[in-house]
Amino acid sequence: MNTWLTKQRDITLMVVLFIALRLMWLMVFPPDNLTLFGDYPYYYELAAFSDQGYLPFIHYWSEYPPIFPFLSVAIYQFVHLFRGGYGAYTYLMGLVMLTFNTGNLVLFVRLARRLHGDEAAVRLGWVYSLLFVPLIYTWWNFDALTVFSCLLALDLLFNGHERWSAAVTGIGGMVKLMPLLIFPAVARTRPWRRWLAYGLVTAAVIGIVAAPLLILGGPMALASFRAPMSWSSWSTAWALLDGNLRTGLLGGTDIHFDLPSATKPVGNPSLVPEWIKLAAFGILYTVIFWQAQVRQDLRRLVALVGATFVTFFLWNKGWSPQWQVLLFPLVLLVLPLRRSVLFILVLSFVNLAEWPVFLSRGMNPWLYLTVPLRTALHILLLIELVRAMNAKPVALSGTVGSAQVGRV
């Protein structure tokens, strides 16, 4: 009992220091400095259209699924009630992201405890709490919501609450599409009736969110949902082949009222036909999926989720640096600690070199260095995750390295 209390106190201390560091950061730095290389100004400009009664998906198209754009409008309007401007918006949005990032730490520790035991969970929690990239993206983007959706869906799944996990996956899919990639791991580890029920609940939640917007917004809502499939390549190996040395920014906020702009490619067309890429990576993932030995081991299931993410990133025509925060908790949960930290640090340095060091200064040709490095790291990481699906449980700090699925 004393050991258990000590572990709980360690976790409480970790969470308190995690929150305190971010609150102090928020107190000390002016809003313009906090968000200098992030997308908060862009979010703010889009949310400001609500002053004229214009809403995303209804009056203008959005490149993001609907949950965050409406959250941004709600924060903007709340701040506007008190005559606040960009600074107040930044602070409140930052506090919201801090809340979800704190939830990510707690969920990560819960998952680590389930997979590796109490001692290793505390150790991994301290490592996760000290990572720089999730900290800086608190003030740059909203991917804390995406990570929270994934970790909460996994936590609920591991505790036998499959319907709730499916609902969270559906909500996460309306934040960004990546949480939907949890579904293959569910299908691989559940009988068909259960994974079908999971998929139906996920689809129903997506429908509940999307249907009213499609009714109210019509063409604007439809264009918003279609937009991600229409973009040209950016910041990937495919983009280098296409000659697109650019970021994923589509343009200024004014283009969001122009319906054709939602599905108009920005940049050169794909040199490699999309059907060839889809077929090649479809075959690759099918092999990974069917060979994955995940039914009796939660760590292997997490490895399959991570492998699914990495395969998606390698296939996808674009890459945004904030997506790496989705991989960090999964890598820490699956790989040996030193190896996982090495992957995380190298990925962090490469992505930070790309943005903001090079691209913010107009040094776009440096993508010929950063993109191959990142792609090579993703390939190596995919190999490691595939190996982890068939490896023996890894012990951390002398504890048993994984848990049995039990409810499968």
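In the working numbering, the protein residues as written are 1140 to 1547.
Cβ coordinates follow ideal geometry from the N, Cα and C atoms, glycine included.
Model, not experiment: these values are computed from the prediction.
Grab the span of the alpha helix (DSSP H) containing residue i for me, first residue to last.
i: ASN1503; result: ASN1503 -> no alpha helix (DSSP H), and no H or E assigned at all.
i: GLY1264; result: 1257-1268
i: GLY1445; result: 1437-1454
i: THR1328; result: 1322-1328
i: ALA1418; result: 1413-1430
i: PHE1482; result: 1476-1491
i: LEU1319; result: Counting along the chain, LEU1319 falls outside any alpha helix (DSSP H), and DSSP gives it neither H nor E.
i: THR1285; result: 1282-1297
i: GLY1312; result: 1301-1312
i: PHE1271; result: 1271-1275
i: ASP1178; result: Taken as a continuous stretch (DSSP letters only), ASP1178 belongs to no alpha helix (DSSP H), as it is neither H nor E.
i: PHE1467; result: 1463-1473
Just to confirm before moving on: does the CB-CB distance between residue i and residue j stay below 9 Å?
i: LEU1443; j: PHE1428; result: yes
i: GLU1523; j: PHE1467; result: no
i: ALA1527; j: ARG1439; result: yes
i: LEU1295; j: THR1447; result: no
i: TRP1279; j: PHE1176; result: yes
Going by C-alpha distance, which of the options is nearest residue i?
i: ARG1365; options: PHE1196, GLN1463, PRO1169; result: PHE1196
i: LEU1384; options: LEU1506, HIS1198, MET1528; result: LEU1506
i: TRP1458; options: LEU1398, LEU1388, GLY1299; result: LEU1388
i: LEU1471; options: TYR1182, VAL1266, PHE1176, LEU1486; result: VAL1266
i: PHE1452; options: PRO1475, TYR1424, VAL1441, GLN1432; result: TYR1424
i: PRO1273; options: VAL1167, CYS1289, VAL1464; result: VAL1464
i: THR1402; options: GLY1309, SER1363, LEU1380, LEU1165; result: SER1363
i: VAL1426; options: ASN1407, VAL1441, PRO1404, THR1450; result: THR1450
i: THR1133; options: TRP1373, ASP1393, LEU1380, LEU1162; result: The structure shown does not extend to residue 1133, since the chain spans only 1140 to 1547, so no value can be given for it.
Can you have a look at residue i and say buried or exposed, based on whether 16 or more other CB atoms are within 10 angstroms of its CB?
i: THR1277; result: buried
i: LEU1185; result: buried
i: TRP1331; result: exposed
i: GLY1545; result: The pLDDT assigned to GLY1545 is 35, lower than 50, so where the model puts this residue is not dependable; a value taken from the coordinates is nonetheless given after this. Looking at its Cβ environment, which holds fewer than 16 other Cβ atoms inside 10 Å, GLY1545 is exposed.
i: ALA1159; result: exposed
i: SER1541; result: Low per-residue confidence applies at SER1541: pLDDT is 44, beneath 50, and the placement is therefore not dependable enough to give any value.
i: MET1359; result: buried
i: MET1232; result: buried
i: ARG1302; result: exposed
i: ALA1213; result: exposed
i: GLU1413; result: exposed
i: LEU1284; result: buried
i: ALA1260; result: buried
i: MET1313; result: buried
For the ligand HEM, is there a heavy atom less than 8 Å away from the beta-carbon of residue i?
i: ARG1161; result: The ligand HEM is absent from the structure shown, which contains no ligand whatsoever.
Which ranges would you report for the alpha helix (DSSP H) in the segment 1187-1225 if only whole runs of at least 4 residues count? 1206-1220
What ranges does the alpha helix (DSSP H) occupy inside the segment 1343-1409, keeping only unbroken runs of at least 4 residues that lie completely in it? 1358-1365, 1376-1381
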